[in-house]
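Reading the sequence shown from the start, the letters are residues 5 to 388 in the working numbering. Worksheet for the structure shown next.
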Amino acid sequence: MRDTFDGPAGPPSEAADSAHAGAAASPARERATPASRSEREAAPTANGFPADARTGGAGVLSEEVWGRAVELVRQADEIALACHVSPDGDALGSMLAMARILTGMGKRVVASFGDRQFGVPGLLHFLPFQELLSSPADFPAAPELMITFDSSTLERLGLLAASAGQAREVIVIDHHPSNTGFGTISLIDPGVAATAVLTEELIYRLGGSLSKDVATCLYVGLVTDTGSFRHSSTTPEAHEMAARLVATGLRPDVLARELWDRSPFGYLAVLSAALGRAVLEREGLGMVWTYITRGDRAAQGLPYSEVEGVIDVVRRTDEAEVTVVLKEDDEGAWQVSTRSKGAVDVAKICSALGGGGHAGAAGFTSHEPVDVTMARFRDVLRMS
Ligand code: AMP
Ligand code: MN
Ligand code: MN
């Protein structure tokens, strides 16, 4: 592996040039990696502002904590990686990118997630480096060093929570404000758009290189968690990161189609059923909700992961501040997804119901029927 980072390595004069991310695409532009990323980011941008003027996340993580994380990784021979159950693009993309970087550094890597029915969600089948994944059954019970991705609590690690409890060191990489700080080192910054942002930083600090495939994994994390650069987490830094990643030659159009613009024909029937039974409750700020049973999916042969996008249609509703979509999983539990447009903090509501998430996008699991679950949700919403 090269010991320079094929990314944002431009000197100040080049930093004013949007092509500063072009090292991988145009090797002629490469130069020595700056001593630290903060040195690079201190360079003025085209409009004279420092590039590290992050919204929300500025300076949350000290050099010391980054240094300790880098040291632990450098010293370890074997590293166990885990992301949250039913992984999304941010969780799995971040973990696979890091898995590749670590194997490139000569580390033995075990990477997994703790779902009882282990399998990469269909939507993410195109991600590179899946050969680096192992079943949770093969995960070490007491790893020397474990790194977790996008998991806000120990419980979100599912079957792998026990290993995190027994590990000597646990580096937690996450951006959920609700993170409980369950590790020994917290690389947690609620001000960044995605866990992939912090993962890119760690890769940079480890001297890893951003190949097209590593960039693809990180890009999938970034675009899924910003909703294609539509959510409030879409900062200048998020776009700057996207520029670095796209400069490696990855295809945003191909990835966007994989993520959002394709599904089996049967999805149309399930979507239609879900939309057909949507309810608008006009009290207060307004709420729209619907549900999808496992029977709906079974009739069309659809796996659970195929219905994750339904909420993106339902939440368009102008009359509703809050959107709720209940999805029955293969075990009969209801995975409840919630969204708000900004006036309501759904993470608070979902936390009160045993889940968590972000102010605008959160979730919880319910073992009660739909009507009971919605009655509980309404009660907490009214009190918020
Ligand atoms: P989703 O609706 O599945 O896209 O999830 C939206 C957000 O809610 C994500 O940031 C998740 O981390 C969080 N979330 C979803 N389900 C749960 C859960 N059962 N427990 C804790 N957090 C959750
Ligand atoms: Mn996630
Ligand atoms: Mn995330």
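Cβ coordinates follow ideal geometry from the N, Cα and C atoms, glycine included.
In this structure, V227 sits away from L202, with a CB-CB distance that is not shorter than 8 Å. Judged by pairs of C-beta atoms under 8 Å, the stretch 239-246 does not touch the stretch 105-119, as fewer than three such pairs exist. DSSP assignment within the stretch 179-207 yields the following whole beta strand (DSSP E) runs of 3 residues or more, N-terminal first: 189-192.
With 16 or more other CB atoms across the displayed protein chains lying within 10 angstroms of its CB, E173 is buried. With 6 Å as the limit, the residues whose C-beta approaches any heavy atom of ligand 2 more closely are H88, D92, D94, A95 and D154, in sequence along the chain. If you check the C-beta of A242 against ligand 1, you find no heavy atom less than 7 Å away.
Counting along the chain, M245 sits inside the alpha helix (DSSP H) bounded by residues P240 to V250. Spatial neighbours of A277 in its own chain (CB-CB distance under 8 Å, excluding positions within 5 residues in sequence) are listed in chain order as I296 and D300.
Cα atoms of A168 and G187: separation of roughly 8 Å, rounded to the nearest angstrom.
By the beta-carbon neighbour count (other beta carbons within 10 angstroms, threshold 16), S232 is exposed. The alpha carbon of W293 has as its nearest neighbour, out of E241, E325 and G358, the alpha carbon of E325. T199 has its Cβ nearer than 7 Å to a heavy atom of ligand 3.
By the Cβ rule, the stretch 124-134 does not count as touching the stretch 142-154, because fewer than three pairs are nearer than 8 Å.
A distance of 8 Å or more separates the beta carbons of V218 and L259.
For L85, the uninterrupted beta strand (DSSP E) run begins and ends at E82 to C87, by DSSP. Within the same chain, Q304, G305 and L306 come within 7 Å of G270 by CB-CB distance, once the 5 residues on both sides are set aside. Spanning the alpha carbons of F122 and S139 requires a straight line of approximately 7 Å. Remark: the shortest separation between the CB of D229 and any heavy atom of ligand 3 falls under 7 Å. Here the alpha carbons of G211 and R78 stand approximately 11 Å from one another.
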